[in-house]
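Engineer: If you use full-length UniProt numbering, the sequence shown corresponds to residues 1 to 449, in order.
Pasting a structure here, questions to come.
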Amino acid sequence: MPTDAPFDTGLTSPVSAGRDQAVSDGALLAALVDAEVALTRALVERGIAPATADPSALREVEIDPAALARDAVAGGNPVIPLVKALRAGAPESLRDWIHTGATSQDILDTALMVVARDAGYAVLKDLVRVNEALAAFAAAHRGTVAAARTLTQHAVPTTIGLRAANWRRGLARAIDRLDDALAQLPAQLGGAAGTMAALAERVRARGSTDDSAERRQETADGADSDGLSRERPDAPVLVQEVRRAYAAAIGLQHTDTPWHTQRWPITELGDALTQAIDALGKIATDVATASRTEIGELSEPTGGGSSAMPQKQNPTRSVMVRSAALRAPQLNATLHLASALAADERPDGAWHAEWPTLRELLRLALGSASHAADLTEGLRVDRDAVDRTLAATGGLIVSERLAVALGRERAAEVVARVADGVPIADLVAPELLDPEDYIGLSGPFTDPE
Numbered sequence: 001m002p003t004d005a006p007f008d009t010g011l012t013s014p015v016s017a018g019r020d021q022a023v024s025d026g027a028l029l030a031a032l033v034d035a036e037v038a039l040t041r042a043l044v045e046r047g048i049a050p051a052t053a054d055p056s057a058l059r060e061v062e063i064d065p066a067a068l069a070r071d072a073v074a075g076g077n078p079v080i081p082l083v084k085a086l087r088a089g090a091p092e093s094l095r096d097w098i099h100t101g102a103t104s105q106d107i108l109d110t111a112l113m114v115v116a117r118d119a120g121y122a123v124l125k126d127l128v129r130v131n132e133a134l135a136a137f138a139a140a141h142r143g144t145v146a147a148a149r150t151l152t153q154h155a156v157p158t159t160i161g162l163r164a165a166n167w168r169r170g171l172a173r174a175i176d177r178l179d180d181a182l183a184q185l186p187a188q189l190g191g192a193a194g195t196m197a198a199l200a201e202r203v204r205a206r207g208s209t210d211d212s213a214e215r216r217q218e219t220a221d222g223a224d225s226d227g228l229s230r231e232r233p234d235a236p237v238l239v240q241e242v243r244r245a246y247a248a249a250i251g252l253q254h255t256d257t258p259w260h261t262q263r264w265p266i267t268e269l270g271d272a273l274t275q276a277i278d279a280l281g282k283i284a285t286d287v288a289t290a291s292r293t294e295i296g297e298l299s300e301p302t303g304g305g306s307s308a309m310p311q312k313q314n315p316t317r318s319v320m321v322r323s324a325a326l327r328a329p330q331l332n333a334t335l336h337l338a339s340a341l342a343a344d345e346r347p348d349g350a351w352h353a354e355w356p357t358l359r360e361l362l363r364l365a366l367g368s369a370s371h372a373a374d375l376t377e378g379l380r381v382d383r384d385a386v387d388r389t390l391a392a393t394g395g396l397i398v399s400e401r402l403a404v405a406l407g408r409e410r411a412a413e414v415v416a417r418v419a420d421g422v423p424i425a426d427l428v429a430p431e432l433l434d435p436e437d438y439i440g441l442s443g444p445f446t447d448p449e
């Protein structure tokens with residue numbers, strides 16, 4: 001029996017297994033290193049660190065993720081041992097500039113935003129697939145009349161196309177919200193307590209070097225004898241320039257101030273991810289219900305088998321999506337709770353609670369969006385089953401229409417006689433019983449807006 005498998009291979013997480021590389025430990029470690037690279041590059045670009053401090057060398061330092069995780073226990077986060085390892089493996093010209101002006105939260109928050117950005121856009125890509133599949137499906141079944149259900153019971157006629165169009169409307173709002181949330185993901189750089197005091201003091205004490213192209217030109221144009229530009233920006237201006245350059249280098253947005261305990265980037269992203277998973281969960285719930293043996297109106301492109309019952313074709317994709325939808329709200333609630341309890345200028349525990357929670361929410365979004373795309377691109381309709389279901393109440397599915405056409409008292413009499421076994425066709429004109437002639441605005445409501 002093999003016992004040397006990685007700690008978590010996804011045996012109990014089929015919704016995300018094989019679909020979550022964007023949020024793996026490897027992805028997070030790469031993002032952590034990228035954040036340190038971006039910071040050093042920003043220092044060089046703004047003339048604070050010398051040009052000889054080439055940050056690209058940091059990517060060549062070998063880091064053991066397992067060792068990093070073990071060493072992270074002492075300090076409570078992986079950045080502390082990471083910085084130690086980077087300094088030990090970096091060229092001497094670079095060592096003094098690694099992590100300059102930053103704190104652990106700056107690097108980890110930034111790395112999580114990078115991971116969230118990359119994973120989020122992968123989710124968005126699959127959501128667009130679902131949206132396109134639903135558009136085609138709704139158009140194809142614009143006129144496929146089916147039984148609408150309210151409180152689990154037959155109500156009035158609707159169409160399969162309208163049902164899919166409504167799925168799509170919920171999804172479209174989720175796509176827009178996620179797109180907006182991803183576009184605003186910010187870098188984090190605030191220093192020990194959100195004041196950037198250490199970097200500002202270093203700028204004041206040391207000044208800018210003349211190693212950057214900009215500084216060399218200033219020297220050529222006339223600099224002080226110590227090599228510093230007479231026109232050097234003051235410390236607050238230069239520190240903000242570093243923060244902007246840092247965000248640009250890592251591909252995230254710049255914020256005028258740090259957000260160490262203002263956790264809106266996390267909660268707004270969590271809300272957007274949860275809304276997307278909710279929208280997919282609604283689709284999966286309807287498909288799973290309609291694929292029941294006794295209904296059979298819808299079926300997935302290929303069903304999952306049973307270990308004991310060979311006749312079964314389980315709606316596996318719907319099951320996976322539903323499982324994600326059942327878990328996502330609780331994860332998102334944790335993100336909001338952590339935001340509310342982010343105490344002081346740097347949080348104690350609330351911040352730490354976000355890391356695995358956000359990653360798991362991203363995993364669920366990645367998995368559910370991928371499964372939903374496969375589901376909707378191959379979703380099938382059994383028209384015979386749809387017609388059987390539509391006829392199951394013997395014409396009473398249009399009883400609302402009878403109340404309008406015959407008056408409430410006469411309609412009630414008809415329904416009572418039908419309940420006694422009299423065929424409704426013997427009591428009402430055939431044209432009043434045609435469900436295809438009682439779908440209201442289903443067609444226009446199905447059409448794209």
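We treat Cβ as the ideally placed atom computed from N, Cα and C, and that holds for glycine.
1. Determine the DSSP secondary structure at S93, reduced to helix, strand or coil.
2. Looking at the structure shown, is residue 478 part of a helix, part of a strand, or coil, going by DSSP?
3. When the Cα of P435 is compared with those of T393, A416, D447 and E413, which residue comes out closest?
4. Compare the C-alpha of A385 against each of T52, A147, G76 and L86 and name the closest.
5. For V61, which of helix, strand or coil comes out of DSSP?
6. Using the DSSP secondary-structure output, state which residues sit across from residue 453 in a beta bridge.
7. According to DSSP, what are the bridge partners of P186?
8. Whole angstroms are fine: how far does the CA of T159 sit from the CA of D118?
9. Thinking just about the alpha-carbon of each residue, which of A284, A102, Y121 and W167 is nearest to the one in G194?
10. Quick one: using the 10 Å Cβ neighbour count with 16 as the cut-off for buried, is G367 buried or exposed?
11. Looking at the structure shown, is E45 part of a helix, part of a strand, or coil, going by DSSP?
12. Thinking C-beta only, is L427 closer than 8 Å to A365?
13. Does the contact criterion of 3 or more C-beta pairs under 8 Å hold for the region 413-423 versus the region 395-405?
14. Skipping 5 residues on each side, what residues in its chain have a beta carbon closer than 6 Å to that of A373?
15. Do you know how far the Cα of L43 is from the Cα of A249?
16. Using the three-state DSSP reduction, which class does V422 fall into: helix, strand or coil?
17. Okay, do the region 278-287 and the region 241-259 touch, 3+ Cβ pairs below 8 Å being the bar?
18. Kindly give me the distance between the Cβ atoms of H141 and A164, rounded to whole angstroms, as I take these residues to be in contact under 8 Å.
19. Starting from A365, trace the alpha helix (DSSP H) both ways and give me its first and last residue.
20. Going by DSSP in three states, R263 sits in which element: helix, strand or coil?
21. Taking all protein chains shown into account, decide if Y438 is buried (16 or more other Cβ within 10 angstroms of its Cβ) or exposed.
22. When DSSP labels each residue in this structure, what does R19 get in the three-state scheme?
23. Work out the CA separation of P329 and D278 for me, nearest whole Å.
24. Give me the Cα-Cα distance between L162 and A412, rounded to the nearest whole angstrom.
25. Hey, how far is the Cα of G18 from the Cα of E241?
26. Of the residues N77, V203 and E300, which one's Cα is nearest the Cα of N314?
27. Could you give the C-beta distance for L252 and V114, rounded to a whole number, given that I count them as a contact under 8 Å?
28. Are L335 and L358 touching if we call contact CB-CB under 8 Å?
29. Using 10 angstroms around the beta-carbon of Q153, count the other beta-carbons present and answer buried if the total reaches 16, otherwise exposed.
30. What residue from R383, L432 and I266 has the CA that sits closest to L182's CA?
31. For residue 537, name the three-state secondary structure that DSSP assigns.
32. When you compare only the Cα positions, how much space is there between P14 and S318?
33. To the nearest whole angstrom, what separates the beta carbons of P258 and G190, a pair I think is in contact under 8 Å?
34. For T255, which residues from the same chain have a beta carbon less than 7 Å from its beta carbon, with the 5 sequence-adjacent residues on both sides left out?
35. With burial defined as no fewer than 16 other Cβ atoms inside 10 Å of the residue's Cβ, what is the status of M320: buried or exposed?
Structural biologist: Well, looking at it:
1. helix
2. Residue coverage of the chain in this structure runs from 1 to 449, which leaves residue 478 outside it and unanswerable.
3. When only C-alpha atoms are compared, the closest one is T393.
4. A147
5. coil
6. Residue 453 cannot be examined here, being either before or after the span of the chain that is shown, 1 to 449.
7. Q253
8. 38 Å
9. A102
10. buried
11. helix
12. With contacts defined as CB atoms closer than 8 Å, A365 and L427 fail to qualify as a contacting pair.
13. yes
14. Correct list, in chain order: D126, R129 and V130.
15. 11 Å
16. coil
17. no
18. 7 Å
19. Secondary structure note for A365: its alpha helix (DSSP H) is the uninterrupted segment A350 to E377.
20. Here R263 sits in coil by DSSP.
21. So Y438 counts as buried.
22. Correct three-state label for R19: coil.
23. 9 Å
24. 29 Å
25. 40 Å
26. E300
27. 7 Å
28. yes
29. That one is exposed.
30. L182 has its Cα closest to that of I266, out of R383, L432 and I266.
31. Lying outside 1 to 449, the shown extent of the chain, residue 537 is not represented and no answer is given.
32. 12 Å
33. 3 Å
34. P186
35. Looking at its Cβ environment, which holds 16 or more other Cβ atoms inside 10 Å, M320 is buried.
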